[in-house]
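*Asks:*
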Amino acid sequence: MYDSPSLENEVTDKAIKIAADKVQVFYGDTHAIKDVDVQIQDKTVTAFIGPSGCGKSTFLRCLNRMNDTIDICRVQGQILLDGEDIYDKRVDPVQLRAKVGMVFQKPNPFPKSIYDNIAYGPRIHGLAKSKADLDVIVEKSLRRGAIWDEVKDRLHAPGTGLSGGQQQRLCIARAVATEPEVLLMDEPCSALDPIATGQVEELIDELRDSYSVVIVTHSMQQAARVSQKTAFFHLGNLVEYGETSQIFTNPVDPRTESYITGRIG
Amino acid sequence: MTDATASGAAPQKPASGSLLELDARTKRRNAAEARFKFYGMAAVGIGLLFLVLLLVSIVRNGVPAYTQTFISLPVELQAEKLDKNGNRDPEEIKKVSTFGYNPLIDQALFRVLEENGVESPFEKGADLRKMVSASAAAEIRDYVIANPEKIGETVSFRVLASSRVDGYLKGRVTREDLARDKNLDAEHLDIIDQLKEAGAVARTFNWSFILGADASESRPEQAGIGVSMLGSLFMMLVVLLLSLPIGVAASIYLEEFAPKNVWTDLIEVNISNLAAVPSIVFGILGLAVFIQFMHLPQSAPLVGGLVLTLMTLPTIIISTRASLKSVPPSIRDAALGVGASKMQSVFHHVLPLAMPGILTGTIIGLAQALGETAPLLLIGMVGYIASNYPDGVASGFLDPNSAMPAQIYEWAKRADPAYYERAWGGIIILLLFLMTMNIIAVILRRRFERRW
Amino acid sequence: MPATWIFLIVLALSATGYLLGRRRALVSAGGDSRHLHSLPAYYGSNAALLVSVPALLALVLWLFAQPMVIQNRVEHLVPETSYANEGELSLVMSDVRRIAEGLDLAVEQGAMTEAEATDIRVETTNIRDRLGAVGVALGSDVEAPILVAAKAWREMNATGNMIRTGVVLLIALAGFGLGMVRADKDFRARNSVEKVILALLILAASLAILTTVGIIASLLFNTIEFFKLYPALDFFFGLTWAPSFGGGSELGILPLLWGTLYISVIALAVAVPIGLFAAVYLSEYASSTVRSFAKPMIEVLAGIPTIVYGLFALLTVGPMLFQAFGPDGAGWMGGGRAVMTAGLVMGIMLIPFVSSLSDDIINAVPQAMRDGSLGLGATKSETVKQVVLPAALPGIVGAILLAASRAIGETMIVVLGAGAAARLSMNPFEAMTTVTAKIVSQLTGDADFASPEALVAFALGMTLFVITLCLNVFALWIVRKYREQYE
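Chains as they are written, first to last, in the working numbering: chain D, 25 to 289; chain L, 2 to 453; chain U, 2 to 488.
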């Protein structure tokens, strides 16, 4: 799939899902993100790469306004989701986050049963009219999360009892259950072993069919494996953004080249 | 539904419902959110309100205790009454009891009224004397015994007014209250009003409330908290001298030397439980062990101090262990690495570094002990009228005394509202002490706290 | 010789031991401290510890033991006719002690010669007057057998003190000798000193156990004593509490337990919602400025002594409630002191206790949990209610149990605010009383300690101790388990 020659064509067809324009982020006095412009396409996996502290996670958290939970964080500029500014005063972050789901670095299942973990989102957003509805959503989400077969016999066991890889897929299923349009993933595999990482990457690739996926990753190999578009961040700047194959084989900026050849990072 | 809107959608059109319009469910959820947040704010507000209410009632009720009404009396110290033989022998002067001084006070009172042109509805001096505290006679007698050469002269005294008069000037006692009161009549108040106008009656700051001793139930105007403050001081000395070394020693053992075994576990569980045992149980322990079993003197600050030591030790041990634990192991390793023994590494390096934390914990423990009342009730530090200062250090520890919180309780139990005012006043002093101690602890922590 | 002097002599000897021990060790090494096994100070300390520790331990033990031994032996001298029961015996014995101490004082002040004091007799001297002259007031005239006992007391005390002086000083001197012998360059002084210090540390740590043992023993013995006089069944299941010092008391604990529980429940009903909501608000919503102001302010409530709350209940809250619910208001209240008064004030006292414990526990819930919920589009309150609080639940239950144990053991607020009448009633505006309040009233009255009316306090104390102990152990266990879960 990665080597498909039609990849470029495929990508250029896609609609723009998120458009960021001159985004600045400040933590207190620190200027964490400087003038970032980026257009993220629908039905595409976009990878953010860069050395630690380059601002890629911070930018990701701007996309569903998770930075609102940090007191000292200020965001300037414009981020449009389907043409609507998500930092508009009228926008309720709660509604936004239902559309833009998020998966975190460390698997963080709630201390509830597997079923309740998945049902949590649909319940608070009122997506299910009946218990039967909910059962359907839970099953569908767990299947999407590629974990249904492993947990279908113990839906009421605590989610914390699963293995790390299973927990992360559970969290992905949980995010999927609210029927988002965009899925943000903040280094989703950094706490997982290689086998679990492989399973999650496979899942991400499948998710591309239905969602726009944005993934922050430390691992260039991972970016190369799962993404179609790649953005390289360095010291708060978006240095280069383009087709993954192009970034990795023929970077334009010297900084990108240094990074992917391992000289900075 | 994501699938339906997926391909070919125009970039400027929202896929599902605009973000700029809140749907009904979100509005409902936001309302719930606002309600929840309001409950939280209300809870904090109620907590603060209670604090304000408490402080206001302490200050409003307690501050009047610091002023007292005095009456200026020119008393003629008549030789024929006080020293019949005229030889100024102190032994003979002492034979005149306080009753012997009452006529002098009566006379002085009539004189004051006359000088200020106040009509007296009372014929008898004893009736007029109700305005003056019963302590006045004793005060004048003490003066005469100390200065026998003044006999025959007229000396001006500022004597305490009785508690009813004082209460009237403070607004606590009204004329209606006096209808059923045989201690004072409304006519007295008329006299007081006129004398106040003339400047012979005045309310001034009352040092003897802060420095003085407790008084009998019928003389609230004379009662002070000074002696019981001293009782508290001696108790705190006992607590400090015992609980600091013992607490530190126990913590050092548990934190640095104790092997992990059943005995150590038992001690640990014990300490955390003792910290939560009701204080009254420590009072029972003190009564049974120190007083019934060891026959130590009742009501003595020494015993109070011992009981409070046992009560504070767990607190001090817990905080000391926390500060020992916060010294990083690298310090110990460094000391051991240059050939110090374990004991030397602890006493030369770990303990000095942990000292600010230990002192902070100790001060907070002492503050807790200073305000504790319940155990003192059982070892008899209540009900005793602390009327004398102890003669010396030894008697300070061993002679019966009261303590500040016990004295406050004692006053609260007495039926006279004049004593309530003193109880509140005592609380102000107690809280000032506690505040000072806590501020010292905070400063210590701020100045010497080290982040590793 | 008085104990203070012995103490000072031992200290002086110990200081001398330090100096001499240090010097001897140095001399044995030819003046070059490098040839010593330990630093010179350790040799000195070794000698000083050998002098002081055993001697002072002996002194302290003696100080506690001597009065007990003498008491026991003199008791036999008091004829059985002069007392009816244990309680009177203890009164007689305290008379004996007063007279003995009075005679000592008289000799000391020179009001009596030693010979006079030894030969004093009831028939020839009015002892009450003589002792009154030196400031020892006796309640009644002295009877012959009492005087005999007092004289025996005096004599034994004098002998005891003499032997004490001898024994303690001998031990100190022996320690001194041993210290000198050991002040030799090859002796491992540091190890020896450290062993002694370690022993002292262990001793200090064991004091916690000793305290618990002391509490249990003093409660247990007196409780057993009480159950000998009053049937345990009647105590635990009696519905009436009516002590009368003339005898025929009914001492059922149930009304007291009811009062205790009722007040505690009201207190928790005030403290738990307010404390919990305040903790949630301060940890999840409040800005750092609000938090840095409100949190310490609320915690001030925890630093205020209970006597202040007691007074607040008695003089502020009680009258306020009485105005609202008394005869002039709703008419439910007969007086300012009531279950409601005490419960409300106790609730205020417990607010900071609940809120700061809950705050710690809520903060221990990992941020990742909140992010997970917010990332799904949950509001803050949904996150708190459905994720944070359920995750923190065990810890919060532990905190509430600790608060309950505080409420049950609280004394001053109920003594001043709840009233004195033991009642089994549902009306929260009625005065009721609690276990702790009755412990105070039974032990501070004039009852003699051997009567069931006084001993019952120990049985009450035992009940209180057991209840709070169970609550504490359980709560601490829950809290610890909870902490481990997130560490």
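Beta carbons are placed, not taken as given, at the ideal position from N, Cα and C, and that holds for glycine.
Could you say which of U/413, U/201 and U/396 lies nearest to residue 374 of chain L if we only look at CA atoms?
*Replies:* U/413
*Asks:* I want to know whether the region 151-169 of chain D touches the region 199-215 of chain D - three or more CB-CB distances under 8 Å.
*Replies:* yes
*Asks:* Looking at chain D, which residues of the region 27-54 of chain L have a Cβ within less than 8 Å of any of its Cβ atoms?
*Replies:* 27, 30 and 31
*Asks:* Spatial neighbours of residue 458 of chain U within its chain, please: C-beta separation below 6 Å, excluding the five flanking residues on both sides.
*Replies:* Only 440, 443 and 444 meet the Cβ criterion.
*Asks:* Listing by chain order, which chain D residues have their CB less than 7 Å from the CB of residue 370 of chain U?
*Replies:* 132 and 134
*Asks:* Quick one: using the 10 Å Cβ neighbour count with 16 as the cut-off for buried, is residue 287 of chain D buried or exposed?
*Replies:* exposed
*Asks:* Just verifying my parser: in three-state terms, what is the DSSP assignment at residue 23 of chain L?
*Replies:* coil
*Asks:* Given residue 402 of chain L, which residues of its chain have a CB within under 8 Å of its CB, disregarding the five upstream and five downstream residues?
*Replies:* 228, 229, 231, 232, 235, 300, 301, 302, 382, 385, 387 and 391
*Asks:* What number of angstroms, rounded off, separates the C-alpha of residue 368 of chain U from the C-alpha of residue 276 of chain U?
*Replies:* Cα-Cα distance, rounded: 22 Å.
*Asks:* Within 8 Å (strictly less), CB to CB, does residue 299 of chain L reach chain U?
*Replies:* Not one chain U Cβ lies under 8 Å of residue 299 of chain L.
*Asks:* Within the present structure, is the beta-carbon of residue 171 of chain L separated from the nearest heavy atom of the ligand SAH by less than 7 Å?
*Replies:* This structure simply doesn't include the ligand SAH, nor any ligand for that matter.
*Asks:* Near residue 161 of chain D, which residues of its chain fall below 7 Å by C-beta distance, leaving aside the five closest residues on each side in sequence?
*Replies:* 146, 151, 152 and 201
*Asks:* Is the beta carbon of residue 435 of chain L closer than 8 Å to that of residue 338 of chain L?
*Replies:* no
*Asks:* Using a Cβ cut-off of 7 Å, pull out every chain L residue sitting near residue 381 of chain U, in sequence order please.
*Replies:* 34
*Asks:* Is DSSP giving residue 205 of chain L helix, strand or coil here?
*Replies:* In the structure shown, residue 205 of chain L sits in a strand (DSSP, three-state: E or B).
*Asks:* Among the candidates D/267, D/272 and D/262, whose CA atom is the shortest distance from the CA of residue 77 of chain D?
*Replies:* D/262
*Asks:* So which residues on chain D does residue 1 of chain L lean against when the C-beta distance must stay under 7 Å?
*Replies:* Outside the modelled stretch of chain L, which goes from 2 to 453, sits residue 1 of chain L, for which no answer is possible.
*Asks:* How would you write the range of the alpha helix (DSSP H) that residue 17 of chain U sits in, first residue to last?
*Replies:* Where residue 17 of chain U is concerned, the enclosing alpha helix (DSSP H) stretches over 4-29.
*Asks:* Under 8 Å by Cβ, that's how I've got residue 97 of chain L and residue 158 of chain L pegged, so tell me the actual separation to the nearest angstrom.
*Replies:* About 17 Å separates the two Cβ atoms, so there is no contact after all.
*Asks:* Can a CB atom of chain L be found closer than 8 Å to the CB of residue 69 of chain D?
*Replies:* no
*Asks:* If you draw a straight line from the alpha carbon of residue 94 of chain D to that of residue 26 of chain L, how long is it in whole angstroms?
*Replies:* 26 Å
*Asks:* Going by alpha carbons, who is nearest to residue 162 of chain L out of L/311, L/122, L/422 and L/205?
*Replies:* L/205
*Asks:* Name the DSSP bridge partner or partners of residue 73 of chain L?
*Replies:* L/159
*Asks:* Using a 10 Å radius around the Cβ and a threshold of 16 neighbouring Cβ atoms, would you call residue 471 of chain U buried or exposed?
*Replies:* Around the beta-carbon of residue 471 of chain U, fewer than 16 other beta-carbon atoms lie within 10 Å, marking it exposed.
*Asks:* With a cut-off of 8 Å, does the C-beta of residue 32 of chain D fall near any C-beta of chain U?
*Replies:* Model confidence at residue 32 of chain D stands at a pLDDT of 44, short of 50, so the residue's coordinates are unreliable; what they give is reported in the following sentence. So, not an interface residue.
*Asks:* Count the other CB atoms within 10 Å of the CB of residue 4 of chain L; is the residue buried (16 or more) or exposed (fewer)?
*Replies:* Residue placement at residue 4 of chain L is flagged as unreliable, the pLDDT there being 39, under the threshold of 50; the coordinate-derived value follows with that caveat. Exposed, since its Cβ has fewer than 16 Cβ neighbours within 10 Å.
*Asks:* Between residue 434 of chain U and residue 420 of chain U, how many whole angstroms is the CB-CB distance? I'm expecting something under 8 Å.
*Replies:* Rounded, the Cβ-Cβ distance is 6 Å, consistent with contact.
*Asks:* Who are the neighbours of residue 115 of chain D on chain L, taking C-beta pairs under 7 Å?
*Replies:* Residue 115 of chain D reaches chain L at 20 and 21, counting residues in chain order whose Cβ is nearer than 7 Å.
*Asks:* Is residue 121 of chain U close to chain L, meaning its C-beta is less than 8 Å from at least one C-beta of that chain?
*Replies:* no
*Asks:* I'd like to know if the region 65-74 of chain U and the region 180-188 of chain U are in contact, where contact means that at least 3 CB-CB pairs between them fall below 8 Å.
*Replies:* The region 65-74 of chain U vs the region 180-188 of chain U: no contact.
*Asks:* In this structure, does DSSP put residue 5 of chain L in helix, strand or coil?
*Replies:* Model confidence at residue 5 of chain L stands at a pLDDT of 38, short of 50, so the residue's coordinates are unreliable; what they give is reported in the following sentence. Reduced to three states, the DSSP call for residue 5 of chain L is coil.
*Asks:* Using the Cα positions of residue 115 of chain D and residue 377 of chain U, report the straight-line distance between them to the nearest angstrom.
*Replies:* 16 Å
*Asks:* Report back the beta-carbon spacing between residue 79 of chain D and residue 56 of chain D to the nearest angstrom; my notes put them in contact at under 8 Å.
*Replies:* That pair is a contact at about 5 Å.
*Asks:* Assuming residue 56 of chain U and residue 176 of chain U form a contact by the criterion Cβ under 8 Å, report the distance between their Cβ atoms to the nearest whole angstrom.
*Replies:* 6 Å
*Asks:* Roughly how many whole angstroms lie between the Cα atoms of residue 237 of chain D and residue 365 of chain U?
*Replies:* 32 Å
*Asks:* On the criterion of 16 or more Cβ atoms from any shown chain inside 10 Å, does residue 50 of chain L qualify as buried, or is it exposed?
*Replies:* Counting the other CB atoms within 10 Å of its CB gives residue 50 of chain L a total below 16, which places it among the exposed residues.
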